[in-house]
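Peer 1: Right, I'll just put the structure down here and ask away after.
Residue numbers (the working numbering), protein chains in the order written: chain A, 121 to 557; chain B, 405 to 652.
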């Protein structure tokens with residue numbers, strides 16, 4: 121084929137942050153395929169230094185507006201690890217519920233507001249309000265539920281304020297938890313409606329597969345988002361989270377202000393599909409049935425199916441939330457059990473890890489004798505996916521060109537790929553542009 | 405009256421303030437009845453060169469971003485700074501407490517000299533261009549945002565609080581956070597959030613910035629009662645207000 125491909129999309133839309141796609145090809149030969157991240161770096165790792173241990177969560181939750189709860193939880197766990205602070209089982213369960221609230225809110229926002237317009241051939245959710253009013257209302261209700269749950273546990277829906285080192289400044293009442301339980305139960309049929317709507321459009325997800333290393337945390341007891349060890353599809357034993365630097369292997373790319381990562385191969389992927397591929401055997405029954413509905417099985421390496429895995433996970437966390445709330449209510453809520461303890465400061469270092477909606481999130485902090493932060497290393501999921509997006513591009517673009525796709529189709533296919541990863545570039549520093557030079 | 409063309413732009417920030425707008429859910433449809441959104445990268449694919457009102461999220465951290473902001477200002481009849489990062493510089497200004505080479509070196513190590521990793525001192529939007537209206541807070545309060553946008557759409561001057569968070573906190577009937585042995589920035593922080601954090605059992609950490617004319621004497625009395633000083637307050641204000649005196 122003799123067609124020249126010269127596409128230059130600056131700042132991919134409907135993602136968090138700024139990124140570019142640059143592709144130049146002529147006469148079937150590809151000169152340039154680049155995933156670029158020109159977001160303005162904010163230097164959180166440097167600027168937390170000099171701050172008190174109990175201000176770290178407040179600062180670093182501002183890394184990301186969408187996954188502020190995950191950043192808060194990873195930071196708190198790292199501080200507690202460094203200062204030897206233990207939390208109660210009640211606190212642990214409430215924190216998991218906060219993480220789940222964020223999974224619901226973030227996954228629904230991504231699939232419903234950012235990806236659905238692609239599947240329905242429009243440019244934003246706005247025209248869907250009139251063309252698909254019932255579906256949009258269902259998506260809004262599910263999204264709102266995530267936010268309400270976040271407010272209830274975290275004190276507000278973005279940048280939680282009630283989470284503290286060692287506990288909570290205040291916890292919900294039993295009657296509030298009962299209300300939440302009822303709302304979560306009522307959400308299940310709505311989530312099925314969303315899943316069925318996406319299933320009806322699943323043929324719009326490109327049939328692209330590339331064998332990929334998938335990394336997440338894993339836990340022998342449950343499909344985990346909050347605690348576990350690091351696991352990869354490429355290994356047969358787990359790695360302790362304290363050794364995360366040996367997994368992430370961050371490096372600087374000239375294409376990006378965000379760092380990239382690699383482990384056993386040139387790149388790896390994290391996020392909903394990675395968690396599914398590593399932990400699908402532990403899905404609860406309803407979530408399992410949604411995965412089956414889509415024919416989603418372990419070993420799926422079509423990155424576009426990350427969106428399907430997100431739907432499965434929304435159902436999983438709703439199902440597990442119901443179980444956790446049931447246990448909390450059965451044991452009876454005790455405000456004393458979550459009261460933040462008086463912390464004795466000491467020099468030390470700690471690591472905290474949770475699964476943010478977009479994948480595994482690591483925080484490491486060092487403190488001096490007075491509990492003042494002297495150093496930090498934060499490795500966020502979107503950074504871990506950047507290299508993999510690049511590798512997908514390199515394989516996808518020749519396929520698109522061979523299939524004689526138009527420039528517009530190629531652009532959309534690449535933008536959809538980027539969106540499939542649900543990049544949170546404000547986390548990773550902040551940026552995403554598509555440029556076909 | 406034709407609906408004003410509104411564009412939202414983001415600079416260095418967490419995009420949490422835009423998320424608050426998304427989180428308005430159905431209410432946003434209501435707000436859309438008085439404005440015409442023409443560019444909003446996070447939520448829609450359309451782009452525009454012409455707009456009446458520009459809403460700027462994030463702080464300005466690079467020379468090239470200052471240029472982009474100036475170009476937006478030139479095209480805007482009204483410019484609104486959205487959220488702490490835009491209004492005061494927010495947590496991003498913590499960077500200014502260090503030497504720029506030091507922060508680059510700390511994060512990027514040997515690669516720090518690569519040109520695409522350049523950074524400048526973090527600035528609030530008003531340190532680069534004229535700002536007409538502020539929507540403070542980290543994140544913003546959506547009711548306040550919707551109120552300001554509605555006022556602008558109908559050409560009315562918004563009536564915003566000039567008093568401190570303590571006033572709203574007292575109205576809520578909250579027990580003072582000082583009673584819990586905490587350092588609360590309510591006495592010196594601009595109200596308008598409904599004292600959200602103290603109401604959720606957490607001290608105010610000053611995300612809305614200094615109130616213009618705080619009642620310093622009353623604050624001193626309160627602090628004295630709890631064995632604290634104005635310097636304690638100032639040191640806590642560094643979180644969201646490093647070098648903020650230059651911007652407020």
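All C-beta atoms, glycine included, are put in the ideal place defined by N, C-alpha and C.
1) With 16 as the cutoff for other CB atoms within 10 Å, does residue 551 of chain A come out buried or exposed?
2) Along the region 531-560 of chain B, where does the CB come closer than 8 Å to a CB of chain A? Name the residues.
3) Determine, using beta carbons only, whether residue 502 of chain A comes closer than 8 Å to chain B.
4) Quick one, which of A/364, A/333, A/412 has its alpha-carbon nearest residue 315 of chain A's?
5) So what's residue 461 of chain B in DSSP terms, helix, strand or just coil?
6) Please list the partners that residue 515 of chain B has in chain A, where partner means a Cβ-to-Cβ separation under 7 Å.
7) Can you check DSSP and say which residues form a bridge with residue 352 of chain A?
8) For residue 466 of chain B, decide whether its Cβ has a neighbour in chain A, counting only Cβ atoms nearer than 8 Å.
9) What is the rounded straight-line gap between the Cα of residue 475 of chain A and the Cα of residue 213 of chain A?
10) Is the distance from the Cβ of residue 164 of chain A to the Cβ of residue 183 of chain A below 8 Å?
11) Can you confirm whether residue 499 of chain B, when its beta carbon is compared against all beta carbons of chain A, has any partner nearer than 8 Å?
12) Between the Cα of residue 616 of chain B and those of B/565, B/421, B/522, spot the shortest distance and give me the residue it belongs to.
13) Note down, in chain order, each residue of its chain lying with its Cβ closer than 6 Å to the Cβ of residue 277 of chain A, except the 5 sequence neighbours on either side.
14) Reducing DSSP to helix, strand and coil, say where residue 473 of chain A ends up.
15) Using CA coordinates, which residue listed in B/519, B/482, B/527 is at the minimum distance from residue 501 of chain B?
16) Taking DSSP as the reference, what is the three-state secondary structure of residue 348 of chain B?
17) Quick one: what's got a C-beta closer than 8 Å to residue 518 of chain B's C-beta in the same chain, skipping five residues either side?
18) Which partner residues of residue 266 of chain A appear in the DSSP bridge assignment?
19) Are the region 273-289 of chain A and the region 440-451 of chain A touching by the rule of at least three beta carbon pairs closer than 8 Å?
20) What are the start and end residues of each continuous alpha helix (DSSP H) run of 4 or more residues lying completely inside the region 397-468 of chain A, in chain order?
21) Given a limit of 9 Å on CB to CB distance, which residues of the region 221-241 of chain A reach chain B?
22) Taking only the alpha-carbon atoms, compute the straight-line gap between residue 527 of chain A and residue 125 of chain A and give it to the nearest angstrom.
23) According to the Cβ coordinates, are residue 498 of chain B and residue 508 of chain B closer than 8 Å?
24) Would you decide whether residue 280 of chain A is buried or exposed? Buried here means 16 or more other CB atoms lie within 10 Å of its CB.
25) Since residue 465 of chain B and residue 198 of chain A should fall inside the 8 Å C-beta cutoff, what is the C-beta to C-beta distance between them, to a whole number of angstroms?
26) Looking only at DSSP bridge pairs, what is residue 554 of chain B linked to?
27) In chain order, what are the residue ranges of uninterrupted beta strand (DSSP E) at least 3 long that sit wholly in the region 135-217 of chain A?
28) Within a Cβ cutoff of 6 Å, which residues of the same chain sit near residue 440 of chain B, ignoring the five residues on either side of it in sequence?
29) Would you list the one or two residues that DSSP bridges to residue 493 of chain A?
30) Can you give the Cα-Cα distance for residue 293 of chain A and residue 282 of chain A, rounded to whole angstroms?
31) Do the region 323-331 of chain A and the region 389-398 of chain A make contact, defined as three or more Cβ pairs closer than 8 Å?
32) How about residue 472 of chain A and residue 504 of chain A: do their beta carbons lie closer than 8 Å?
33) What is the C-beta distance between residue 487 of chain B and residue 432 of chain B, in whole angstroms, given that I count them as a contact (C-beta under 8 Å)?
34) Let me make sure I understand the geometry here. Which of A/450, A/477, A/336, A/137 has the alpha-carbon closest to that of residue 218 of chain A?
35) In angstroms, rounded to a whole number, what distance separates the CA positions of residue 643 of chain B and residue 259 of chain A?
36) Determine contact between the region 568-585 of chain B and the region 416-433 of chain B, defined as no fewer than three beta-carbon pairs at a distance below 8 Å.
Peer 2: Taking the definition as stated:
1) Note on residue 551 of chain A: pLDDT 32, under 50, position unreliable in the model; no value is reported.
2) 542, 543
3) no
4) A/412
5) strand
6) 372
7) A/335
8) Yes, contact with chain A.
9) 15 Å
10) Result yes, Cβ atoms of residue 164 of chain A and residue 183 of chain A sit closer than 8 Å.
11) By this cut-off, residue 499 of chain B is an interface position.
12) B/565
13) 267, 270, 271
14) strand
15) B/527
16) Because chain B spans 405 through 652 in this model, residue 348 of chain B falls outside it and cannot be assessed.
17) 512
18) Paired residue(s): none; residue 266 of chain A is not in a bridge.
19) no
20) Runs of the alpha helix (DSSP H) inside the region 397-468 of chain A: 405-414, 426-451.
21) Only those residues of the region 221-241 of chain A whose C-beta falls short of 9 Å from the nearest C-beta of chain B are listed: 225, 229, 233, 234, 237.
22) 6 Å
23) no
24) buried
25) That belief does not hold up - the Cβ atoms of residue 465 of chain B and residue 198 of chain A are roughly 26 Å apart, past 8 Å.
26) Bridge partners of residue 554 of chain B: none, in fact.
27) Within the region 135-217 of chain A, the runs of beta strand (DSSP E) at least 3 residues long that lie entirely inside it are, in chain order, 139-146, 149-156.
28) Excluding residues up to 5 positions away in sequence, 407, 409 lie with their Cβ nearer than 6 Å to the Cβ of residue 440 of chain B in the same chain.
29) A/487
30) 14 Å
31) no
32) No. Outside cutoff.
33) Contact flag wrong, Cβ pair sits at about 17 Å.
34) If we check each option's Cα against that of residue 218 of chain A, A/477 comes out closest.
35) 36 Å
36) no
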